[in-house]
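If you're matching positions, the sequence shown starts at 50 in this note's numbering and goes up one per residue. A virtual CB, placed ideally from N, CA and C, is assigned to each residue, including glycine. The model shown is predicted, which means the values in this text are computed figures rather than measured ones. Notes to accompany the following structure.
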Amino acid sequence: MRAMQFERFGEPEVLEEAEVPEPVAGPGETLVEVAAAGVNFGDIKQMAGEQPDGPYAPKGPLPRIPGMEVVGRTADGRRVLGYVLQGGYAAKTAVRDRDLVALPDGVSAGEALALLIQGLTAWHLLRSVARVRPGESVVVHAAAGGTGSLAVQLAREFGAGRVIATASSEEKRAFALGLGADAAVDGEAEGYRERVLDANQGRPVDVVLDAVGGPVLDAALDSLGHLGRLVTYGASSRKAASALDPSRLAVENIGVAGFWLVPLLARNGAGGPVLEELLGLTARRRLRPLVGAEYDLARARDAHEDLLARRTKGKLVLRP
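Written out as structure tokens, the structure is:
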């Protein structure tokens, strides 16, 4: 069957098209004929050999087929969305049954792929970690991105009293407002507190979802009110935040928590009621996942290069 694989670790140029044997589904698995595969930064990190001995990294010798998200059909005709540790960039892949969910009518392949890792992350940030309550104010950093754009919409869906988006350009801030944010401001660290409090009608905020890190995280802590919570789930700035002083957290009654989806998927699987809820919201058009460019599978290298160069918007899709 047709697949994209890499025989050595490196940059996108190590990806090569190949004919490989079809996978065989083992116990508790289902073979899926892939109609579309999602592209993630995690795929690029795997190819680069980053954290090769990590607890959730794909195992086995090279060559490997990357790809963690697939939409396709089972042998009995069901249209499904599935999560795999590797093997998505191929005509067929075997998916564990606990990582598989049926797709409702009206949800496109690109929308479904956007919901798997990014949608589940946004849901758990708000529900499982920040535990947002109705009426609370929520600040979403990088609100025009894949996870951020979904978090803005879900915060509104979950009853947030005021949703404040941060983004780096006027275009991105306008996009976040179109998704339902009440206000959108520049996310730079300098002047952050003043802009956010002004956007929250002069009051400190209840929840901040941060994927930027560094000085922005420090500034966000200064904007939290009584019993406020900051959830960190990335560090796109590649800068270190100041060391947190536990006594400050206690004195100000604020909390900081971290979240990474991969250990949760390893523990509980991707399928289940949360993903079904997200798919249902999308089918009813209460949630609008951001879908970007589509590429033929043979152009997976181009998709990776575009993603690294930040030339893309929304979920990138490969079509076998």
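Element boundaries [alpha helix (DSSP H), containing residue i]
i	result
methionine 96	90 to 97
aspartate 267	263 to 270
aspartate 231	That residue, aspartate 231, is in no alpha helix (DSSP H); it is neither H nor E in DSSP.
leucine 357	349 to 357
alanine 161	158 to 163
threonine 170	169 to 173
Collapsed DSSP secondary structure at residue i in the structure displayed
i	result
valine 311	helix
glycine 321	coil
tyrosine 105	Residue placement at tyrosine 105 cannot be trusted, given a pLDDT of 48 that sits under 50; what the coordinates show is reported in the next sentence. It is coil, neither helix nor strand.
alanine 216	strand
arginine 252	coil
leucine 258	strand
valine 73	coil
alanine 191	coil
alanine 290	coil
alanine 139	strand
arginine 242	helix
arginine 297	helix
arginine 180	coil
arginine 333	coil
arginine 379	What is shown of the chain runs 50 to 369, which leaves residue 379 out entirely.
aspartate 247	helix
glutamate 326	helix
methionine 50	coil
Beta-carbon separation (whole angstroms), residue i vs residue j, contact threshold 8 Å
i	j	result
tyrosine 132	glycine 116	With 8 Å as the limit, tyrosine 132 and glycine 116 do not qualify as a contact, their Cβ atoms being about 10 Å apart.
valine 257	glutamate 185	With a Cβ gap of about 11 Å, valine 257 and glutamate 185 do not count as contacting.
isoleucine 114	methionine 50	Between methionine 50 and isoleucine 114 the Cβ distance is about 10 Å, and since that is not below 8 Å, they are no contact.
leucine 203	valine 280	Not confirmed; about 13 Å, so no contact.
leucine 365	leucine 356	6 Å
glycine 195	alanine 230	In fact, because the Cβ distance is near 16 Å, the residues do not count as touching under 8 Å.
glycine 43	alanine 85	As displayed, the chain neither begins before 50 nor continues past 369, which places residue 43 out of reach and without an answer.
alanine 260	alanine 225	14 Å between Cβ atoms; not a contact.
leucine 330	glutamate 160	About 11 Å; that fails the 8 Å criterion.
serine 272	leucine 246	6 Å
valine 69	valine 144	Rounded, the Cβ-Cβ distance is 17 Å, inconsistent with contact.
alanine 319	leucine 134	That pair is no contact at about 11 Å.
Residue burial classification, residue i (beta-carbon count within 10 angstroms, cutoff 16)
i	result
aspartate 154	exposed
proline 338	buried
glutamine 250	exposed
tyrosine 105	Note on tyrosine 105: pLDDT 48, under 50, position unreliable in the model; the coordinate value appears next. Tyrosine 105 comes out exposed.
proline 72	buried
glycine 262	buried
tryptophan 172	buried
valine 234	buried
alanine 179	buried
histidine 275	exposed
asparagine 317	exposed
leucine 293	exposed
aspartate 345	exposed
alanine 248	buried
leucine 324	buried
aspartate 92	buried
valine 300	exposed
Endpoints, the beta strand (DSSP E) within which residue i is located
i	result
histidine 275	273 to 281
aspartate 125	Careful: aspartate 125 lies outside any beta strand (DSSP E) and carries neither H nor E.
leucine 199	Taken as a continuous stretch (DSSP letters only), leucine 199 belongs to no beta strand (DSSP E), being part of the alpha helix (DSSP H) at 195 to 206.
glutamate 343	340 to 345
lysine 149	Per the sequence shown, residue 149 should be read as leucine rather than lysine. Taken as a continuous stretch (DSSP letters only), the beta strand (DSSP E) holding leucine 149 covers 149 to 151.
Bridge partners - residue i, DSSP secondary structure assignment
i	result
leucine 64	Phe55
valine 144	Thr79
glutamate 118	Tyr132
glycine 87	Val366
serine 285	For serine 285, which the question treats as bridged, DSSP gives no partner whatsoever.
glycine 304	Arg278
arginine 113	Phe55
arginine 211	Ser186
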